[in-house]
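Here is the structure we will look at.
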Amino acid sequence: MDAAELNYCESVDINKTVVLTYGTRKQTTYFGVGALAKFADALDALNVKTVGFICSNSAYKRCGAWETIEKILAEKKIEYLMYNKIVTNPTCTSIDECRDLFLPKYNENFCVVAIGGGSPIDSAKSVAVLLEHKDKTARELYKFQFAAERRAPAVNITAGTGTEANKFAVASILDEEIPLKPALATPVIYPDISINDPALLCSTSPFQTACTAVDAMNHVTEASTTSIATPFSTNLGRTVCNLVAHYLPVALKEPSNLRARYWLHYAACIAGMSFDESLLHITHAMEHTLSAYVANLTHGLGLALLQPGVVAHIWADEVAAKTLCYVLKPMIGEFAGKPEEAQDVAKALRKWHESVGIKDTMATMGFTKDGIQKLVDATIACPGMDGLLALSPVKVEREDMARIYLTGFFE
Numbered sequence: 058m059d060a061a062e063l064n065y066c067e068s069v070d071i072n073k074t075v076v077l078t079y080g081t082r083k084q085t086t087y088f089g090v091g092a093l094a095k096f097a098d099a100l101d102a103l104n105v106k107t108v109g110f111i112c113s114n115s116a117y118k119r120c121g122a123w124e125t126i127e128k129i130l131a132e133k134k135i136e137y138l139m140y141n142k143i144v145t146n147p148t149c150t151s152i153d154e155c156r157d158l159f160l161p162k163y164n165e166n167f168c169v170v171a172i173g174g175g176s177p178i179d180s181a182k183s184v185a186v187l188l189e190h191k192d193k194t195a196r197e198l199y200k201f202q203f204a205a206e207r208r209a210p211a212v213n214i215t216a217g218t219g220t221e222a223n224k225f226a227v228a229s230i231l232d233e234e235i236p237l238k239p240a241l242a243t244p245v246i247y248p249d250i251s252i253n254d255p256a257l258l259c260s261t262s263p264f265q266t267a268c269t270a271v272d273a274m275n276h277v278t279e280a281s282t283t284s285i286a287t288p289f290s291t292n293l294g295r296t297v298c299n300l301v302a303h304y305l306p307v308a309l310k311e312p313s314n315l316r317a318r319y320w321l322h323y324a325a326c327i328a329g330m331s332f333d334e335s336l337l338h339i340t341h342a343m344e345h346t347l348s349a350y351v352a353n354l355t356h357g358l359g360l361a362l363l364q365p366g367v368v369a370h371i372w373a374d375e376v377a378a379k380t381l382c383y384v385l386k387p388m389i390g391e392f393a394g395k396p397e398e399a400q401d402v403a404k405a406l407r408k409w410h411e412s413v414g415i416k417d418t419m420a421t422m423g424f425t426k427d428g429i430q431k432l433v434d435a436t437i438a439c440p441g442m443d444g445l446l447a448l449s450p451v452k453v454e455r456e457d458m459a460r461i462y463l464t465g466f467f468e
């Protein structure tokens, strides 16, 4: 980050709530410290009488959101239901269970509200669809056995590495012979309104903070190099990496530093906009297999295991290599985009991951080398992943995927 950019970032009034217009139906993502107060406006805008909250067991209280939310609900005399069983890598089973809880109260004045990160938000998007498709299940939704045509009103509170401002959601199907984690992509699931308040992230652990930043970094690494990448997605990518490279170390050292949380929150949000524009490719397709097999694997960690190998693979494409010289420069330093640099770039990425506390390997996460072909088979079998793999700037075959998984052992 150069001096002019840093001066700008340090001068922004982080306590002013601004409105980002990309990625929501009502062109409204409230952003800034204190933005949670806008929840009252969101309820009014959608004429809400009953709320169905979706969250994990305790984060909605631990982050500090619930006290403000509960007060707003009481003032407006709005009743609510609570589904607080969402875990990392939520399953279709839990999504169906939540929909069934909400269904008896569902009407035109009902709103689904997610509190927390990507798992609650993706679950909320799915539940909102199923409330309007009452005879369908989450499994049918994620195996593309019907098309989502409509959904219930939906509001997101806090952040999900960009899912609060894009048309994607993921869920796991774990009770089949091959565990699957497909991705849903449809404009129907753009939220109506999102509320991104960086103050709610101060309780996030250092590990989760780093993993969220790495997820954002991977979003733009892929979005800037798909076969449909645009200058918009690429330049968002460089901004994301500038912000992450500078402010992630600050947030890890000072968890309550609101300015660092503000810019990391913003980086994650616009990273979601970047891949909303230009989609993703290899890393996410392959990581979804890892977190389907190891259900408690944090998504950002899974991506970190694969990113060096993926970048080395696509470095063979001149345009992709030069694009990543630009986008990833804040993390990897100066490179020229030459094919012979691929392994050095991969090592530089791994070194940066380790510098922010992500040091696990495929082995420490329970994977074995003799299981690699099983992972390749599962990636190919997962609905929709062939479409992502096809967007890679360099064709990826079975042996390429096997090599990328093998790279994640970092031996």
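With our numbering applied, the sequence shown closes on residue 468, and no number is skipped along the way. Where is the CB? At the ideal position from N, CA and C, for every residue including glycine.
**Prompt:** residue 212 bridges to which residues according to DSSP?
**Reply:** Taking the sequence shown and counting its residues from 1, the one referred to as residue 212 is at position 155. Answer is 170 and 250, bridged to residue 212.
**Message:** Just to confirm before moving on: does the CB-CB distance between residue 428 and residue 365 stay below 9 Å?
**Reply:** Here residue 428 refers to the residue found at position 371 when the sequence shown is read from its first residue. Here residue 365 refers to the residue found at position 308 when the sequence shown is read from its first residue. Contact flag unset, no.
**Prompt:** residue 177 and residue 284: beta carbons closer than 9 Å?
**Reply:** As a working mapping, residue 177 is identified with position 120 in the sequence shown. As a working mapping, residue 284 is identified with position 227 in the sequence shown. No, they are not a contact pair.
**Message:** Just list the residues that DSSP pairs residue 237 with in beta bridges.
**Reply:** In the sequence shown, counting from the first residue as 1, residue 237 sits at position 180. Beta-bridge pairing by DSSP links residue 237 to 230.
**Request:** List the whole-angstrom C-beta distance separating residue 301 from residue 270, where the pair is believed to meet the contact cut-off of C-beta under 8 Å.
**Result:** Working through the sequence shown from its first residue, we reach residue 301 at position 244. Working through the sequence shown from its first residue, we reach residue 270 at position 213. So it is a contact: roughly 5 Å between Cβ atoms.
**Asked** Between the C-alpha atoms of residue 346 and residue 147, what's the straight-line distance to the nearest angstrom?
**Response** Position 289 of the sequence shown, counted from the first residue, corresponds to residue 346. Position 90 of the sequence shown, counted from the first residue, corresponds to residue 147. Answer to the nearest angstrom: the Cα atoms are 14 Å apart.
**Request:** Give the DSSP-derived three-state secondary structure of residue 294 in the structure shown.
**Result:** Against the sequence shown, residue 294 aligns to sequence position 237. In the structure shown, residue 294 sits in a helix (DSSP, three-state: H, G or I).
**Asked** Fully enclosed by the segment 381 to 442, which beta strand (DSSP E) runs are 3 residues long or longer?
**Response** none
**Request:** Confirm the yes/no value for this check: CB of residue 166, any heavy atom of the ligand FAD, distance under 8 Å.
**Result:** Although the ligand FAD was asked about, the structure shown includes no ligands whatsoever.
**Request:** Would you list the one or two residues that DSSP bridges to residue 109?
**Result:** As a first step, residue 109 must be located in the sequence shown, where it is residue number 52. Per DSSP, 138 and 169.
**Asked** Going by the beta-carbon positions, is the gap between residue 109 and residue 65 smaller than 9 Å?
**Response** One-based indexing of the sequence shown puts residue 109 at position 52. One-based indexing of the sequence shown puts residue 65 at position 8. Going by C-beta atoms, residue 109 is not nearer than 9 Å to residue 65.
**Request:** Excluding the 5 residues preceding and the 5 following residue 116 in the sequence, name in chain order all residues of the same chain whose CB lies nearer than 6 Å to its CB.
**Result:** Against the sequence shown, residue 116 aligns to sequence position 59. Excluding sequence neighbours, residue 116 sits near 173.
**Asked** Going by beta carbon distance, what residues of the same chain come within less than 6 Å of residue 210, once the five residues before and after it are set aside?
**Response** Position 153 of the sequence shown, counting from 1, holds the residue named residue 210. The residues are 103, 168 and 249.
**Prompt:** Whose C-beta lies closer than 6 Å to the C-beta of residue 362 among residues of the same chain, with five residues either side of it excluded?
**Reply:** Your numbering for residue 362 matches position 305 in the sequence shown. Around residue 362: 419 and 465.
**Request:** Would you mind working out which of 332, 331 and 307 sits nearest residue 320, comparing C-alpha positions?
**Result:** One-based indexing of the sequence shown puts residue 320 at position 263. Ranking 332, 331 and 307 by CA distance to the CA of residue 320 puts 307 first.
**Message:** Quick check on the burial criterion: 16 or more other C-beta atoms within 10 angstroms. Buried or exposed for residue 262?
**Reply:** Taking the sequence shown and counting its residues from 1, one reaches residue 262 at position 205. Looking at its Cβ environment, which holds fewer than 16 other Cβ atoms inside 10 Å, residue 262 is exposed.
**Message:** In this structure, how does DSSP classify residue 445 when only helix, strand and coil are distinguished?
**Reply:** In the sequence shown, residue 445 corresponds to position 388, counting from 1. In the structure shown, residue 445 sits in a helix (DSSP, three-state: H, G or I).
**Request:** Have a look at 357, 106 and 68 and flag the residue whose alpha-carbon is nearest the alpha-carbon of residue 218.
**Result:** Here residue 218 refers to the residue found at position 161 of the sequence shown. Considering only 357, 106 and 68, the residue with the shortest C-alpha distance to residue 218 is 357.
**Prompt:** Helix, strand or coil for residue 148 per DSSP?
**Reply:** By one-based count along the sequence shown, residue 148 stands at place 91. Of the three classes helix, strand and coil, the one that applies to residue 148 here is strand, per DSSP.
**Asked** Is there contact here, the segment 227 to 239 with the segment 431 to 447, by at least three beta-carbon pairs under 8 Å?
**Response** yes
**Message:** Assess contact between the segment 196 to 207 and the segment 127 to 140, defined as three or more Cβ pairs (one per stretch) separated by less than 8 Å. Is contact present?
**Reply:** no
**Prompt:** Tell me which same chain residues have a C-beta within less than 6 Å of the C-beta of residue 170, skipping the five on either side of it?
**Reply:** Start at 1 with the first residue of the sequence shown, and residue 170 comes out as number 113. Closer than 6 Å at the Cβ level, and outside the excluded window around residue 170, lie 108, 110 and 212.
**Message:** For residue 279, count the other beta carbons within 10 Å of its own beta carbon; 16 or more makes it buried, fewer makes it exposed. Which is it?
**Reply:** Here the question's residue 279 lines up with position 222 in the sequence shown. Buried, because 16 or more other Cβ atoms sit within 10 Å of the Cβ of residue 279.
**Asked** Can you name, in chain order, every residue of its own chain whose Cβ lies under 7 Å from the Cβ of residue 83, other than the five neighbours on each side?
**Response** Reading the sequence shown from its first residue, position 26 is the one you call residue 83. Leaving aside the five residues that flank residue 83 on each side, the residues in its chain whose CB is nearer than 7 Å to its CB run, in chain order, 102, 249 and 250.
**Cutoff 7 Å; reference residue 243; Cβ partners in own chain excluding five residues on either side** = Locating residue 243 in the sequence shown gives position 186, counting from the first residue. Counting only Cβ-Cβ distances below 7 Å, and skipping sequence neighbours, we find 205 and 224.
**Request:** Grab the span of the alpha helix (DSSP H) containing residue 186 for me, first residue to last.
**Result:** Within the sequence shown, residue 186 is the residue found at index 129, counting from 1. Unbroken alpha helix (DSSP H) run through residue 186: 175 to 189.
**Rounded separation between residue 125 and residue 93 - CA only** = Along the sequence shown, read from residue 1 onward, the residue named residue 125 stands at position 68. Along the sequence shown, read from residue 1 onward, the residue named residue 93 stands at position 36. Looking at the two C-alpha atoms, the distance is approximately 8 Å.
**Request:** State the CB to CB distance for the pair residue 37 and residue 322, rounded to an integer number of angstroms; the pair is presumed to be in contact (CB under 8 Å).
**Result:** This structure leaves residue 37 out entirely; the chain is present only between 58 and 468.
**Message:** For residue 149 and residue 228, which I take to be in contact (beta-carbon distance under 8 Å), what is that distance rounded to the nearest angstrom?
**Reply:** One-based indexing of the sequence shown puts residue 149 at position 92. One-based indexing of the sequence shown puts residue 228 at position 171. That belief holds up - the Cβ atoms of residue 149 and residue 228 are roughly 5 Å apart, short of 8 Å.
**Prompt:** In terms of DSSP beta bridges, what is residue 76 paired with?
**Reply:** What you label residue 76 is simply residue 19 of the sequence shown in a count that begins at 1. BP columns for residue 76 point to 87.
**Message:** Using the Cβ count rule (16 or more neighbours within 10 Å means buried), how would you classify residue 447?
**Reply:** As a first step, residue 447 must be located in the sequence shown, where it is residue number 390. Exposed: under 16 other Cβ atoms inside 10 Å.
**Prompt:** Cα-Cα, which of 296, 75 and 341 is closest to residue 91?
**Reply:** Taking the first residue of the sequence shown as position 1, residue 91 is located at position 34. Comparing Cα-Cα distances from residue 91 to each of 296, 75 and 341, the minimum goes to 75.
**Request:** Quick one: measure Cβ to Cβ for residue 272 and residue 226, integer angstroms, because I've assumed they're closer than 8 Å.
**Result:** Taking the first residue of the sequence shown as 1, we reach residue 272 at position 215. Taking the first residue of the sequence shown as 1, we reach residue 226 at position 169. Going by Cβ atoms, the distance from residue 272 to residue 226 rounds to 15 Å, so no, they are not a contact pair.
**Prompt:** Under 9 Å, do residue 182 and residue 208 count as touching if we go by C-beta distance?
**Reply:** Mapped onto the sequence shown, residue 182 falls at position 125. Mapped onto the sequence shown, residue 208 falls at position 151. Cβ atoms of residue 182 and residue 208: closer than 9 Å.
**Request:** Under 8 Å by Cβ, that's how I've got residue 287 and residue 335 pegged, so tell me the actual separation to the nearest angstrom.
**Result:** For this step, residue 287 is matched to residue 230 along the sequence shown. For this step, residue 335 is matched to residue 278 along the sequence shown. Confirmed, about 6 Å.
**Request:** In the DSSP assignment, find the alpha helix (DSSP H) that holds residue 364 and state where it starts and stops.
**Result:** On the sequence shown, position 307 is the one that residue 364 refers to. Start and end: 356 to 371.
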